[in-house]
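The next block holds one structure in the form of structure tokens; read it before the comments.
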Amino acid sequence: MRISVLAVLVACSDGSSVSEGPGDTEDIRLPDMQVSPRDIWFPATADPTPVSETVILGNDGLGPLTVTGISLDGDPSFALDVAPAPLVLAPGEQTAAVITYTPDLEEVTSRLTIEGDDPQAPRLVLSVRGDGLLPGSLLLPETVALGTTRPRCRLDAVVQVSNPGSTPVTGALNALPSELELGLEALRVEPGETVDIPVSWTPTDAGELEGELYVDSDAGQWIVPIEGIADPEAPGRCETVWIANTLERLDLAIVVDATDGATTRREALATVIDDVIETLHREVPDLTVSLGLYSDYGQSRPWSLALQQTDDWPELGPLLADLPRADTPMAAAFEALVQAGSGLGHDADCDGTYDDDDSSPFRVDLLFGGGQTTYDPSVSGTGSDRGTGFRSETTSGILHVAGSPIRSPVAGDPVPGGCPFDADLQSVFEAWAYSGARYGAVGTDDYLPLIAAELLSFADLDGDGRDELAVIDGTNDPEALREQIGNLLEAIVEGRSGVTLSFTVEAPDAEVVISPTVARELLPGQEVAVDVTSPSGTFVSTAGADTVPVTVTARSDGRIVATRELHLRP
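Sequential numbering of the sequence shown, starting at 518, is according to the numbering used here.
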């Protein structure tokens, strides 16, 4: 600041004048204290995080400014950070005072006082105001990082939302993409409360997640990014297996009429059976086959097992062609089906033992002469478990190729009394109750559909509805027989429309859970994803010395449909 002083002339008696000033003008250098801004205001916010405002103190004068004091008086929500007084500012020099405000629920004020040696303004007072927190507000994380998981494996996280305001906050929640699921649809957060929002991610493919959590509330709208990685090679506590409504394990028994009247039918069967079984094997990787023959009733051996249940079968065509045949009027088909379904044995000569004239219970040696030597009707099963050698829990089927008329006491056919065992339709049903095998038949006898219906073996063979798995046809043409048998076997394997699969998991010395445990109404070929989770282990791609096997088993009607083995490192 500059002040000009004029010289004062004083008249003397001799007419001269004397100047009383130092000259025409003289410069006087003074300080000029300035501050900016003049008022400090912190508007209302939903964020309780402390915020700051800077006040610039400067000297716009020509002389040095001495700041003798800077103080902040009022509410403790405000804090002052400045160099201590006294403080000397040269002309044009500045210094900063930082005021930090921590929002609270109420509006507050304070005063910033600055004192110095500016003669025009030795004391400046600035107002400081904070409007506090909004009545209801939310505090959310800036980003939600889910981490890394495998495709098809679920990953869980929690998003915490708090309300530092004074009134409740309500709103709606949503998340995108669809692979993200929220445990809450609506939100309500009381004052001072923290609410957990469960978030789960089940990626369908490998890649990075760029998702978003949307919060639309009466306190405002928020969009929170959600990040994650799906890596097929990453070790994880979760593994997913796909299991379809298709058979992977099947035990098939072929029961063939070996009477002389069925010779032409059997010769036609011998030309096509190997191709048919090989085609079936391509559809069912774990397949076993057995071959049983029955002759006329009254023969010493009305039933014989030509091939034990095996997954290493020889060519069946030559085996069929070389079988002996007998010529009496009535085929002992019911006895054969009882044996195929139960393996109880047949004491044909009624001497209480099993020798070369009998069909022994298939227990040890399934061929002639072995096995048990004493008839025991409580013993069922064959070389493995039941029927003609069906494995435990395995889906089983019996293909019946008939030729001659079937002897039946229901139809009034003569039967001997007492011994040997006189089988009928009810006997077959009781014998098969344990095996649960599906039955398919091709032949000329009207009893075949009755047997199929009694054994609950149905499918849609002709495309017009529900049919018994029986084809009444007397043709001996190999190609026609090939098609009929192929259709029957396909119905046995795939005719389980709308089945229910139940899943179990076995993991020795490890805690493992699966989801779901049941999948209902699966159509043939339809598959379902089964998640296997170990809270305390990691699934790896290969077995090792430090891993334990984890087996997932799918069953339909109590029979094993599929198994999957995983490797877990506890």
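Where is the CB? At the ideal position from N, CA and C, for every residue including glycine.
*asked:* I want to know whether the region 663 to 677 touches the region 743 to 758 - three or more CB-CB distances under 8 Å.
replied: yes
*asked:* My assumption, with CB atoms under 8 Å, is that G688 sits in contact with P652. Please give the rounded CB distance.
replied: Working through the sequence shown from its first residue, we reach residue 688 at position 171. Working through the sequence shown from its first residue, we reach residue 652 at position 135. About 15 Å separates the two Cβ atoms, so there is no contact after all.
*Could you check if E623 is buried or exposed, using at least 16 other CB atoms within 10 Å of its CB as the buried criterion?*
Mapped onto the sequence shown, residue 623 falls at position 106. Under this definition E623 is an exposed residue.
*asked:* Please classify V918 as buried or exposed, where buried requires at least 16 other C-beta atoms within 10 Å of its C-beta.
replied: Here residue 918 corresponds to residue number 401 of the sequence shown, with the count starting at 1. With 16 or more other Cβ atoms within 10 Å, it is buried.
*Whole angstroms is fine: what's the gap from D549's alpha carbon to G586's?*
The sequence position of residue 549 within the sequence shown is 32, counting from 1. The sequence position of residue 586 within the sequence shown is 69, counting from 1. Those two C-alpha atoms are separated by around 16 Å.
_Distance between I771 and L833 (C-alpha atoms, nearest Å)_ = Within the sequence shown, the letter at position 316 stands for residue 833. Within the sequence shown, the letter at position 254 stands for residue 771. L833 and I771: Cα-Cα distance of roughly 10 Å.
*Determine the DSSP secondary structure at P567, reduced to helix, strand or coil.*
As a first step, residue 567 must be located in the sequence shown, where it is residue number 50. Looking at P567 - three-state DSSP - the assignment turns out to be coil, as it is neither helix nor strand.
*Q943 versus L1085 - alpha carbon distance*: Here residue 943 refers to the residue found at position 426 when the sequence shown is read from its first residue. Here residue 1085 refers to the residue found at position 568 when the sequence shown is read from its first residue. Computed Cα separation, rounded: 49 Å.
*Excluding the five sequence neighbours on either side, which residues of its own chain have a C-beta within less than 6 Å of the C-beta of P1066, listed in chain order?*
For this step, residue 1066 is matched to residue 549 along the sequence shown. Cβ within range, chain order: E1082.
*Where T711 and P608 are concerned, what is the direct C-alpha to C-alpha distance, given to the nearest angstrom?*
The count along the sequence shown starts at 1 and reaches residue 711 at position 194. The count along the sequence shown starts at 1 and reaches residue 608 at position 91. Computed Cα separation, rounded: 54 Å.
*asked:* Tell me the DSSP secondary structure of P966 in three-state form.
replied: Position 449 of the sequence shown, counted from the first residue, corresponds to residue 966. Helix at P966.
*Just reading off the beta strand (DSSP E) that L797 is part of, what are its end residues?*
Here the question's residue 797 lines up with position 280 in the sequence shown. Note, L797: premise wrong, no beta strand (DSSP E); alpha helix (DSSP H) at 780 to 800.
*Provide the residue span of the beta strand (DSSP E) that contains L672, from first to last.*
In the sequence shown, the residue the question calls residue 672 occupies position 155. Where L672 is concerned, the enclosing beta strand (DSSP E) stretches over 672 to 679.
*So what's S1032 in DSSP terms, helix, strand or just coil?*
By 1-based counting over the sequence shown, the position of residue 1032 is 515. In this structure, S1032 counts as strand in the three-state DSSP scheme.
_Can you check which of these residues, A838, T1068, A853, A561, is closest to G649 by C-alpha distance?_
Stepping through the sequence shown from its first residue, residue 649 is reached at position 132. Comparing Cα positions, the closest option is A561.
_Same chain, Cβ closer than 8 Å to V716, neighbours up to 5 away in sequence not counted_ = Along the sequence shown, one-based indexing puts residue 716 at 199. Cβ within range, chain order: V661, L663, D673, A674, V675, V676, A692, L697, E698, L699, G700, L730, I743.
*Hey, is the region 952 to 966 in contact with the region 989 to 1000, meaning 3+ C-beta pairs nearer than 8 Å?*
yes
*Cβ separation of I616 and L589, assumed to be a contact under 8 Å, to the nearest whole Å*: As a working mapping, residue 616 is identified with position 99 in the sequence shown. As a working mapping, residue 589 is identified with position 72 in the sequence shown. Sure, about 7 Å apart at Cβ, within 8 Å.
*Among all the DSSP beta bridges, which residues are the ones paired with N576?*
Counted from its first residue, the sequence shown places residue 576 at position 59. Answer by DSSP bridge pairing, in chain order: M550.
*Three-state secondary structure assigned by DSSP to L998*: Position 481 of the sequence shown, counted from the start, is the residue given in the question as residue 998. Three-state result, L998: helix.
_Contacts around A761, its chain only, beta-carbon distance under 7 Å, and the 5 residues preceding and following it disregarded_ = On the sequence shown, position 244 is the one that residue 761 refers to. So the qualifying residues of the chain are G1042, Q1043, E1044.
*Apart from the five residues on each side of it in sequence, which residues of its chain come closer than 8 Å, Cβ to Cβ, to I714?*
The residue labelled residue 714 in the question sits at position 197 within the sequence shown. Once the five neighbours on either side are set aside, the close Cβ partners of I714 are V675, V676, Q677, V678, L690, L699, G700, L701, L704, L730.
*Cβ of R782 within 8 Å of Cβ of D774?*
Mapped onto the sequence shown, residue 782 falls at position 265. Mapped onto the sequence shown, residue 774 falls at position 257. A contact, by the Cβ cut-off of 8 Å.
*S974 to T1070 span [Cα, whole Å]*: Sequence index remark: in the sequence shown, residue 974 carries index 457 (1-based). Sequence index remark: in the sequence shown, residue 1070 carries index 553 (1-based). The alpha-carbon atoms of S974 and T1070 are separated by roughly 24 Å.
*asked:* For Q826, tell me which candidate among G745, T911, A785 has the shortest Cα-Cα distance.
replied: For the purposes of this step, residue 826 is identified with residue 309 of the sequence shown, where counting begins at 1. For the residues G745, T911, A785, the minimum Cα distance to Q826 belongs to T911.
*Taking C-alpha atoms, which residue in F1020, A613, D984 lies nearest to A602?*
The residue given as residue 602 occupies position 85 in the sequence shown. Ranking the options by Cα distance to A602, first place goes to A613.
_Contact defined as beta carbons within less than 8 Å: I believe A976 pairs with D984. What is the distance between those atoms, to the nearest angstrom?_
The residue given as residue 976 occupies position 459 in the sequence shown. The residue given as residue 984 occupies position 467 in the sequence shown. Indeed they touch by this definition, with Cβ atoms about 6 Å apart.
_Rounded to whole angstroms, what is the Cα-Cα separation between L797 and V741?_
The count along the sequence shown starts at 1 and reaches residue 797 at position 280. The count along the sequence shown starts at 1 and reaches residue 741 at position 224. So the alpha carbons of these two residues sit roughly 55 Å apart.
*Can you say whether S594 is buried or exposed, counting buried as having 16 or more other CB atoms within 10 angstroms of its CB?*
As a first step, residue 594 is located in the sequence shown; it is residue number 77 there, counting from the start. Buried: at least 16 other Cβ atoms inside 10 Å.
*Quick one: is G745 buried, meaning 16 or more other Cβ sit within 10 Å of its Cβ, or exposed?*
Numbered from its first residue, the sequence shown carries residue 745 at position 228. It counts as buried.
*asked:* For a test of the three-state rule: what should DSSP assign to G1061, helix, strand or coil?
replied: Position 544 of the sequence shown holds residue 1061. Three-state result, G1061: coil.
*Could you check the C-alpha separation between D768 and S1032 for me, to the nearest Å?*
On the sequence shown, position 251 is the one that residue 768 refers to. On the sequence shown, position 515 is the one that residue 1032 refers to. Using only the alpha carbons, I get a separation of about 29 Å.
_Whole-angstrom C-beta distance between R628 and V642, which should lie under 8 Å_ = Indexing the sequence shown from 1 puts residue 642 at position 125. Indexing the sequence shown from 1 puts residue 628 at position 111. Right, the Cβ-Cβ distance comes to about 6 Å (below 8 Å), so this counts as a contact.
*Using only alpha-carbon positions, find the residue among A596, P636, F559, G1061 that is nearest to L579.*
Locating residue 579 in the sequence shown gives position 62, counting from the first residue. Comparing Cα-Cα distances from L579 to each of A596, P636, F559, G1061, the minimum goes to P636.
_By DSSP's criteria, A1024 is part of a beta bridge. Which residues make up the other side?_
Counting from 1 along the sequence shown, the entry for residue 1024 is found at position 507. A1024 is not bridged to any residue.
_When T780, E725, E707, D598 are compared against N680, the one with the closest alpha-carbon_ = Residue mapping note: residue 680 aligns to position 163 of the sequence shown, counting from 1. Of the listed residues, the one whose Cα sits closest to N680 is E707.
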